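Undergrad: Residue numbers (our numbering): 91 to 184.
#1: Tell me the rounded alpha-carbon separation between residue 115 and residue 140.
#2: Determine, using beta carbons only, whether residue 174 and residue 96 come nearer to each other than 8 Å.
#3: Using the rule of at least 16 other Cβ atoms within 10 Å of the residue's Cβ for burial, across every protein chain shown, is residue 166 buried or exposed?
#4: Pick from 150, 126, 152 and 156: whose alpha carbon is nearest that of residue 138?
#5: Can you give me the start and stop residues for the alpha helix (DSSP H) that residue 168 sits inside?
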């Protein structure tokens, strides 16, 4: 469904992820926040990253990755009403 809707905003600071690159699980892989979207696929959202140099590359597994300071600012902007739940998100190609 477009627009997507924010389902929840989670503190992801301690989340880990194994990228299958032999480096095992990476703590903080999703940055400080994970903004979950109702895309029709589980686990898709907007989040930060442990590797800011990967922003703009094809390193995602379907999510939108932002610099950690940017996802923190986005969270602050949308969470002012109803903790961000229900905020409509439209993703446009640049």
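Heads up, the beta-carbon is just placed ideally off N, CA and C, and yes, glycines get one too.
Note that the structure is predicted; figures quoted are calculated from it, not measured.
TA: Let me lay it out:
#1: About 12 Å.
#2: Judged by their CB atoms, residue 174 and residue 96 are nearer to each other than the 8 Å cut-off.
#3: It counts as exposed.
#4: Answer by Cα proximity: 156.
#5: Where residue 168 is concerned, the enclosing alpha helix (DSSP H) stretches over 158-168.
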